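Here's the structure, in structure tokens; my notes come after.
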Amino acid sequence: MTEARYLLTRPCSDDESYEKVDVMPTVLQPPNVDVEGYVSVSNRTSPLSPEQFHKLFDSDGRLVDENQLRKSVFLGGVQPKIRKEVWKFLFGLYPCNSTAREREATLLDNIVKYHELKARWKILLVLSSQPGQTPLQQGIVARYQLPEENPVLNPDVGLSEPVMEQAMDALNSKAAVLQSGSIDLTSLGHADLAYEYSAPEMQQRIEFVQLQARVFVNKKRIDINKLRSSIRVIDKDVPRTDRDVDFFKGHANPHLTQLRDILITFAAYNQLEYAQGMNDVLSRFLYVLGSEAETYWCFQKYMEKVENDFMEEGMVHKIDLVRMLLKETDLPLLKHLEGHDMGNLFFCHRWLLLGFKREFSFLDSLRCFEILSSHHLELGSLVAERVLMMEEMNEFANTGGDARSTNMVTQKEYTFEVFMCVAILMECREELVKCTDNGMVFGFINK
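When the letters of the sequence shown are read in order and numbered with full-length UniProt numbering, they come out as residues 1 to 447.
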């Protein structure tokens, strides 16, 4: 053993007769990473309290210190009683510089606009269906939304043939002139606004906003064939979404209907088609926000930021970032995985796509999700920008102004979930080094 250790650690001669050879040890040693030597480690704090949150606003209701909000969320998460309000700012539903009155106007606009978006695809489904078909066959509702005593119908029976391009234009035009009906505030999660919105002056305002919303919605074209294809996938995923959570338990659960309607609305109007995993992302927003309309707009804004993760090239690139970071922090572990055809790290896909949702309890996953979404210490944040600027200034001064480093990490793609992913790999390295194929790794991960 002593001789083997000497062979691995002995210095190489500068003589050309010697060749440097990397030798993999048969037993992986713990990574020799001095984390504290690189960065200062911040202590975790208590979750953001209502008192702390309210101090961030001025007298007009503007959130005047966004950086402090994100820092507080990053260090401790949010107390459940204010999570709903915090998330509206954290995920960009409301601008931080908006006043309380401006947010009231935005809420009305969001409710009406979402109502019109949802109504239009439902009208199109009816218009593109064969005469006499039931709402189940048309795609308006799904089997899991119906009472159990209803007769079981096959939603795929009797669907119309693919609509021709000209017919699609006609359908969109016809749907544009149909009335979408009155807004059901209760079903959208805003029963508390029913009385306020019933006032005559508010009704006039709603009619004006609704007219504007219809103009906005009618400019958008829906591909009914792609939408039906998305609905079939959505109707497979929604009934399996977080059914162990009380909020989504039970047959004909109204929250499943809200999930379905939001996902179909998203699929109808966005270039990014529905992909599996979106249901798991959306369920967290609906659980926290409660409002169907606000959930839709929050979800849409979030998807704008992470849409590449739902594309093959985007996720492969993010996993490559994990691999490069693991190479810097624990090269022996990476070589072990590569030596057993696991170097692609595809088993990290679920972690990154869902924000580690299934690696924690549902409530803990909410806290993890908001911490990841705070973006406080990422290279695009104000704090990180200042640190990078100081490093550049120090290096420039130390080199007499003659040289600037080309190796400084300025990649804003190294988001916090990439670091968290590597941290989990290193935390689980004892089990991972026992795995010799992908099946063993997935078996360990799914425990």
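Ideal Cβ positions, reconstructed from N, Cα and C, are used throughout, including at glycine.
In this text the structure is predicted, and so the values were computed from the model without any measurement.
For residue i, the three-state DSSP class (helix, strand or coil)
i, result
"Leu363", "helix"
"Phe91", "coil"
"Leu333", "helix"
"Phe369", "helix"
"Ile111", "helix"
"Glu413", "coil"
"Ser98", "coil"
"Asn398", "helix"
"Thr106", "helix"
"Gly339", "helix"
"Val245", "coil"
"Met315", "helix"
"Met408", "Because Met408 carries a pLDDT of 45, less than 50, the predicted location of this residue cannot be relied on, and the following value inherits that uncertainty. DSSP places Met408 in coil when its eight states are reduced to three."
"Glu250", "The sequence shown places Gly at residue 250, rather than the Glu named in the question. Correct three-state label for Gly250: coil."
"Gly189", "coil"
"Arg143", "helix"
"Ser182", "coil"
"residue 510", "Absent from the model: residue 510. The displayed extent of the chain is 1 to 447, so no value can be given."
"Pro155", "For Pro155, the predicted structure reports a pLDDT of 42, less than 50, and the residue's modelled location is therefore unreliable. A value from the coordinates is still provided. DSSP places Pro155 in coil when its eight states are reduced to three."
"Arg221", "coil"
"Lys447", "coil"
"Leu345", "coil"
"Glu430", "helix"
"Val441", "helix"
Segment limits, alpha helix (DSSP H) that includes residue i
i, result
"Asp280", "Met278 to Leu289"
"Arg437", "Residue identity check: residue 437 is Asp in the sequence provided, not Arg. Looking at the DSSP string, Asp437 is not in any alpha helix (DSSP H), and its letter there is neither H nor E."
"Gln133", "Per DSSP, Gln133 belongs to no alpha helix (DSSP H) and is neither H nor E."
"Gln300", "Glu292 to Val306"
"Glu273", "Per DSSP, Glu273 belongs to no alpha helix (DSSP H) and is neither H nor E."
"Tyr269", "Pro254 to Tyr269"
"Gln203", "Pro200 to Asn218"
"Arg228", "Ile224 to Asp237"
"Leu354", "His349 to Leu354"
"Val422", "Phe416 to Glu427"
"residue 448", "The shown model of the chain, from 1 to 447, leaves out residue 448, and the question about it has no answer."
Check whether residue i and residue j have beta carbons under 8 Å apart
i, j, result
"Glu116", "Val217", "yes"
"Phe347", "Phe442", "yes"
"Val112", "Val245", "no"
"His255", "Phe248", "yes"
"Ala293", "Tyr114", "yes"
"Val86", "Ile371", "no"
"Leu321", "Val418", "yes"
"Phe89", "Ser373", "no"
"Trp351", "Asn110", "no"
"Asp437", "His340", "yes"
"Arg260", "Ala142", "yes"
"Asn270", "Val238", "no"
"Val231", "Gly139", "According to the sequence as given, residue 231 is Ile; it is not Val. Cβ atoms of Ile231 and Gly139: closer than 8 Å."
"Met426", "Asp364", "no"
"Ser195", "Val233", "Here residue 195 turns out to be Tyr, not Ser, going by the sequence shown. Taking 8 Å as the Cβ cut-off, Tyr195 and Val233 do not qualify as a contacting pair."
"His336", "Val433", "yes"
"Asn97", "Arg62", "yes"
"Pro131", "Lys81", "no"
"Val422", "Leu272", "no"
Beta-bridge partners of residue i, as assigned by DSSP
i, result
"Val78", "Leu48"
"Leu63", "Phe57"
Residue i beta carbon near the ligand MG (any heavy atom closer than 7 Å)
i, result
"Asp58", "As far as ligands go, the structure on display features none, and thus does not contain the ligand MG."
Next on the checklist: Check whether the stretch 91-110 and the stretch 71-80 touch, using three or more Cβ-Cβ pairs below 8 Å as the test.
Outcome noted: no
Checklist entry - For the stretch 345-362 against the stretch 50-58, are there 3 or more C-beta pairs whose distance is under 8 Å? => result no
Checklist entry - Taking contact to mean at least 3 C-beta pairs separated by less than 8 Å, is the stretch 188-206 in contact with the stretch 280-292? => result yes
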